[in-house]
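**Q** My questions will all concern the structure given below.
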Amino acid sequence: MTRIAFVRDATTPGSYMPRADARISVEDRGFNLADGIYEVCEIRDGGLVDENRHLNRYERSLRALRIDAPMPRRALQLVLREVVRRNGVQNGILYVQVTRGAARRDHAFPDPGVVPTLVVFATSTHVATREAKADHGVTVTTLPDERWHRRDIKSISLLPNVLAKQTAREAGAYEAWLVDAAGYITEGASTNAWIIDAQGTLITRPLSHDILPGISREVILQAADQLNMPVEERAFTVAQACDAAEAFLSSSSAILLPVIRIDSHPIGKGLPGRLTHKLRAASRAISVVSGRQLPSI
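The structure is reproduced here in structure tokens:
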């Protein structure tokens with residue numbers, strides 16, 4: 018099956034095309050300056066998971082970088098559904114990227130009127146592999162957090178994340194948890210970080226410029242409330258994480274994966290924890306899966 022992408026920029030008014038044929042300008046500011054934002058949404062049973070939460074964050078990121086929305090929200094929702102439909106994806110991820118557009122290379126913003134570039138594509142996920150990770154748990158390594166200071170914006174400027182993820186993989190770990198100058202864990206290279214202490218309290222770093230406001234993070238906190246689980250939004254050190262009874266990571270693509278080892282330290286009994294599994298099941302039940310039809314206005 019030919020994979021289809023949607024592209025809209027100054028030269029392409031908005032077209033569905035084979036991904037192999039999709040092109041952007043060599044002067045696109047995303048390509049040259051990482052001047053853009055992105056969003057990743059889970060596809061489950063052919064529908065978009067927590068679509069409105071993702072679109073709210075997408076719009077917030079655009080505002081933060083002062084990039085014009087490439088199309089109205091409802092029109093974008095139509096495009097998202099059509100990309101999923103044309104690719105026949107039942108379970109996977111939907112990727113949306115917007116850059117400031119193509120203009121003569123200059124660090125300052127181009128003159129008003131430059132058309133933002135929008136790219137949308139969908140990719141299937143091997144569900145059995147993901148579920149096996151949830152059953153058996155994953156390992157993380159800790160690394161210094163070398164990212165820029167507006168990590169709350171879902172910017173495409175991800176080079177430090179890429180290097181951290183690669184270092185983790187070379188160390189045999191699934192993810193890297195990043196550590197600030199004070200010794201506190203911020204988040205993962207592409208995930209939010211969580212621990213559960215011996216008293217059953219769920220702990221995660223509070224929202225600020227230091228971390229991305231994860232959509233799965235928002236849902237997990239709602240699930241914890243449903244389960245009457247005590248929650249503390251506070252920073253925690255690497256030592257506190259290693260001493261935790263349970264730990265896990267979350268993202269739209271990974272959903273929620275138990276962490277069974279940090280660096281060389283097993284977490285708890287070195288197995289996925291009971292409360293982690295309860296949170297995973299509860300958060301998946303809470304997630305809203307949009308149908309193929311647009312919701313009424």
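In this text, residue positions in the sequence shown follow this note's numbering: the first is 18, and each later residue adds one. Just so you know, even glycine gets a beta-carbon here, dropped at the ideal spot from N, CA and C.
1. Answer yes if the region 61-75 comes into contact with the region 299-306, meaning at least three C-beta pairs across the two stretches below 8 Å, and no otherwise.
2. Can you tell me which of the three DSSP states residue 31 falls into?
3. My output table needs one value for residue 229: the three-state DSSP class, helix, strand or coil.
4. If you draw a straight line from the alpha carbon of residue 274 to that of residue 244, how long is it in whole angstroms?
5. Can you say whether residue 45 is buried or exposed, counting buried as having 16 or more other CB atoms within 10 angstroms of its CB?
6. Closer than 8 Å by C-beta to residue 35: which residues in its own chain qualify, once you throw out the five before and the five after it? Chain order, please.
7. Let me know the secondary structure DSSP gives residue 198 once reduced to three states.
8. Using only alpha-carbon positions, find the residue among 203, 278, 196, 247 that is nearest to residue 218.
9. Counting only the same chain and skipping the five closest in sequence on each side, list residues whose C-beta sits under 8 Å from that of residue 74.
10. Provide the residue span of the alpha helix (DSSP H) that contains residue 148, from first to last.
11. Whether or not the region 270-284 and the region 24-35 are in contact is what I'm after, with contact meaning three or more pairs of Cβ atoms, one per stretch, closer than 8 Å; do they touch?
12. Let me know the secondary structure DSSP gives residue 278 once reduced to three states.
13. Can you grab the Cα-Cα spacing for the pair residue 101 / residue 178, in whole Å?
14. Compare the C-alpha of residue 28 against each of 51, 84, 67, 120 and name the closest.
15. Which runs of the alpha helix (DSSP H) at least 4 residues long sit entirely within the region 46-83? Give them in chain order.
16. Give me the Cβ distance between residue 205 and residue 215, rounded to the nearest whole Å; I'm assuming they're in contact under 8 Å.
17. Between the alpha carbons of residue 153 and residue 186, how many angstroms are there, rounded?
18. Round the Cβ separation of residue 258 and residue 264 to the nearest angstrom and send it over; I've been treating them as touching at under 8 Å.
**A** On the basis of the coordinates in this document:
1. yes
2. coil
3. coil
4. 18 Å
5. buried
6. 19, 20, 21, 22
7. coil
8. 247
9. 56, 171, 230, 232
10. 144-153
11. no
12. strand
13. 27 Å
14. 120
15. 46-50, 68-82
16. Their Cβ separation, rounded to whole angstroms, is 23 Å, which puts residue 205 and residue 215 out of contact at 8 Å.
17. 17 Å
18. 6 Å
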